[in-house]
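Undergrad: In this note's numbering, the protein residues as written are 229 to 388. Note that beta-carbon positions come from the ideal geometry of N, C-alpha and C, so glycine has one too. In this text the structure is predicted, and so the values were computed from the model without any measurement.
#1: Please report how far the alpha carbon of residue 253 lies from the alpha carbon of residue 286, in whole angstroms.
#2: Is it true that the region 258-265 meets the region 232-239, where meeting means three or more beta-carbon pairs spaced less than 8 Å apart?
#3: To which residues does DSSP link residue 235 through a beta bridge?
#4: I'd like the ranges of any alpha helix (DSSP H) spanning at least 4 consecutive residues and lying wholly in the region 266-323.
#5: From the DSSP output, which residues share a beta bridge with residue 342?
#6: Thinking just about the alpha-carbon of each residue, which of 295, 363, 327 and 303 is nearest to the one in residue 284?
#7: Taking the CB atoms as reference points, tell me whether residue 337 and residue 276 lie closer together than 8 Å.
#8: Excluding the 5 residues flanking residue 269 on each side, which residues of the same chain have their C-beta closer than 8 Å to its C-beta?
In structure tokens form, the structure reads like this:
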């Protein structure tokens, strides 16, 4: 969720308050795609989305549009979220497949984007899941105790 405030510069008084949740969702996905367009290997076609809430659909649309990704591997601890995302992506003509674990979902993909609300400090990706040339976007970290990626992941990946 997000909101914006337009303030008078000399006084700091708020002049306008706006709801910006949709703008934030689009901006977040656009920056992930921009990072991958710059850092991922050319011709990347397969992507894993780890965490399948609302932001994941924006991520898939941005990657399909900007990089031409057409195959999405999906995993979330909430199977209902995965099924909803898979339905939405397939309705848009994108190839989406559900997996039973993060490990299974990331196997053989070019790009991994983690978009989780995990606040248990759990390792989402571990070194043995990474493959040569794999690009990782780790989105999140917007509250205390909710890391965007593990320290090991950040040492080897482009984290946003």
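TA: Reading off the structure:
#1: 7 Å
#2: no
#3: According to DSSP, residue 235 bridges with 242.
#4: 282-295 and 307-319
#5: 278 and 366
#6: 303
#7: Yes.
#8: Hits under 8 Å: 338, 361 and 363.
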